[in-house]
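Report on one structure; see the data block that follows.
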Amino acid sequence: MRSPTAPNSVNELRPGDIDIVGAIGDSLTAGHGAMATNILEVMVENKGLSWSIGGQGTWRQFLTIPNILKEFNPNLYGYPIKDGISIRKASRFNAAEGGAMSQDIPHMARNLVKRMLSDPRVDIQNHWKLITILIGGNDFCANICYTNPPEKTLLYHEKNILSALRTFRDYLPRTFVNLVASPNVEVLTRFKGKPQQCVTMHVIECPCFLATRFSREKKRYIKLIEKWNLLQMDIANRKEFNNKPDFGVVFQPFIMNLTFPDDPNGNTDFSYMSLDCFHLSQKGYARASNALWNNMLEPIGEKSSIWEKEFANFKCPSPDMPYIRTLGNS
Numbered sequence: 007m008r009s010p011t012a013p014n015s016v017n018e019l020r021p022g023d024i025d026i027v028g029a030i031g032d033s034l035t036a037g038h039g040a041m042a043t044n045i046l047e048v049m050v051e052n053k054g055l056s057w058s059i060g061g062q063g064t065w066r067q068f069l070t071i072p073n074i075l076k077e078f079n080p081n082l083y084g085y086p087i088k089d090g091i092s093i094r095k096a097s098r099f100n101a102a103e104g105g106a107m108s109q110d111i112p113h114m115a116r117n118l119v120k121r122m123l124s125d126p127r128v129d130i131q132n133h134w135k136l137i138t139i140l141i142g143g144n145d146f147c148a149n150i151c152y153t154n155p156p157e158k159t160l161l162y163h164e165k166n167i168l169s170a171l172r173t174f175r176d177y178l179p180r181t182f183v184n185l186v187a188s189p190n191v192e193v194l195t196r197f198k199g200k201p202q203q204c205v206t207m208h209v210i211e212c213p214c215f216l217a218t219r220f221s222r223e224k225k226r227y228i229k230l231i232e233k234w235n236l237l238q239m240d241i242a243n244r245k246e247f248n249n250k251p252d253f254g255v256v257f258q259p260f261i262m263n264l265t266f267p268d269d270p271n272g273n274t275d276f277s278y279m280s281l282d283c284f285h286l287s288q289k290g291y292a293r294a295s296n297a298l299w300n301n302m303l304e305p306i307g308e309k310s311s312i313w314e315k316e317f318a319n320f321k322c323p324s325p326d327m328p329y330i331r332t333l334g335n336s
């Protein structure tokens, strides 16, 4: 499953060719609350279980992108294997920070590059790197309702994402970037049978959608999220990020139409959520990992914008198309 020799083109990159993994983003990438047993433990960063960058155990124990990739390349490096805040060495190349917003992405990109450049196990010129970006949830929950007009955040976000992607492009040869769709946090308003602690935490964590003072602006905010993701899709497809043979950016849309299943009683199945019903449980992170993996193997223009039940659909590279899908091979 690994190429006989490392490919020179991102369009011929197989999963097994990836040597290094990294990620930037907010608490959803930092792994907050994956194994929480009480509301206070939601603040614990279970980085080894993060869907896009955690490498604790194996995919049979904890389904994550690195644990899948380890099946193709056991020498994969960069994933954390235990809890820890982002400034600790144990976080390795998970540079995500709880509470982060779009404005923090340029700094996190520079920080991640610095970590890779200073790590003797990373061959910057020859190792292929996979970096995943997920940001926006905190912007939607706690920023757009305090920005006048809210649409101004789109201009700021474009500037921030461009800065981060240009940093990766200019300093990290042989790099593939997953630019993941930002979550439609409006889904929080459709949860059924919420525990009281979640009702309270939602107003604290996501006032723009859950506080009554902003309820009249809900439709406007939903439209803004749609524009935000269309902007990210446009950025990923721009020529400046697709004209180098060893660098590529692909927009992965699996949470654009985010929903959660119901339990047998007709309430939202909160087993996918941490105890604040905002962050994900380990089961929820596994579902996200499966969905991102499928997106990586789906051609541009045919990618799923929903996440299915974990393992209900698990794609594999085929002999006819063994490569991670890019703009150049779709």
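Residues in the sequence shown are numbered from 7 upward in steps of one, following our numbering. Even for Gly, the Cβ is constructed at its ideal location relative to N, Cα and C.
Residues near Asn301 by beta carbon distance below 6 Å, same chain, minus five either side | Here residue 301 corresponds to residue number 295 of the sequence shown, with the count starting at 1. Result list for Asn301: Gln258, Phe260, Lys309, in chain order.
Along the beta strand (DSSP E) that carries Asn184, what are the first and last residues, could you check?
-> In the sequence shown, counting from the first residue as 1, residue 184 sits at position 178. 181-186 is the extent of the beta strand (DSSP E) around Asn184.
Of the residues Glu47, Pro305, Ile111, which one's Cα is nearest the Cα of Ala29?
-> The sequence position of residue 29 within the sequence shown is 23, counting from 1. The shortest Cα separation from Ala29 among Glu47, Pro305, Ile111 belongs to Ile111.
Which residues bound the alpha helix (DSSP H) around Gly199?
-> Sequence index remark: in the sequence shown, residue 199 carries index 193 (1-based). First-last for Gly199: undefined, no H or E at that position.
Just mark Met327 as buried or exposed, buried being the case when its beta carbon has 16 or more other beta carbons within 10 Å.
-> Here the question's residue 327 lines up with position 321 in the sequence shown. Exposed is the call here.
From Lys88 to Pro80, what does the alpha carbon distance come to, in whole angstroms?
-> Within the sequence shown, the letter at position 82 stands for residue 88. Within the sequence shown, the letter at position 74 stands for residue 80. Taking the straight line joining both Cα atoms gives about 18 Å.
Hey, how far is the Cα of Gly199 from the Cα of Ala12?
-> Locating residue 199 in the sequence shown gives position 193, where the first residue counts as 1. Locating residue 12 in the sequence shown gives position 6, where the first residue counts as 1. Taking the straight line from one Cα to the other gives about 51 Å.
What residue does the beta strand (DSSP E) around Val27 start on, and which one ends it?
-> Locating residue 27 in the sequence shown gives position 21, counting from the first residue. Element bounds for Val27: 24-31.
Assign Gln238 to buried or exposed, taking buried as 16 or more other Cβ atoms, counted over all protein chains shown, within 10 Å of its Cβ.
-> By 1-based counting over the sequence shown, the position of residue 238 is 232. When all chains shown are included, Gln238 counts as buried.
Would a C-beta distance cut-off of 8 Å place Thr332 and Val209 closer than the cut-off?
-> Indexing the sequence shown from 1 puts residue 332 at position 326. Indexing the sequence shown from 1 puts residue 209 at position 203. For Thr332 and Val209, no; Cβs fall outside 8 Å.
Note down, in chain order, each residue of its chain lying with its Cβ closer than 6 Å to the Cβ of Lys76, except the 5 sequence neighbours on either side.
-> In the sequence shown, residue 76 corresponds to position 70, counting from 1. Leu82.
Beta-carbon gap between Met114 and Phe99 smaller than 8 Å = On the sequence shown, residue 114 is found 108 positions in, with the first residue counted as 1. On the sequence shown, residue 99 is found 93 positions in, with the first residue counted as 1. Taking 8 Å as the Cβ cut-off, Met114 and Phe99 do not qualify as a contacting pair.
Asn100 - DSSP class collapsed to helix/strand/coil | Position 94 of the sequence shown, counting from 1, holds the residue named residue 100. Here Asn100 sits in strand by DSSP.
Roughly how many whole angstroms lie between the Cα atoms of Asp269 and Thr206?
-> Counting from one through the sequence shown, the residue named residue 269 turns up at place 263. Counting from one through the sequence shown, the residue named residue 206 turns up at place 200. Cα to Cα, the separation comes out at about 22 Å.
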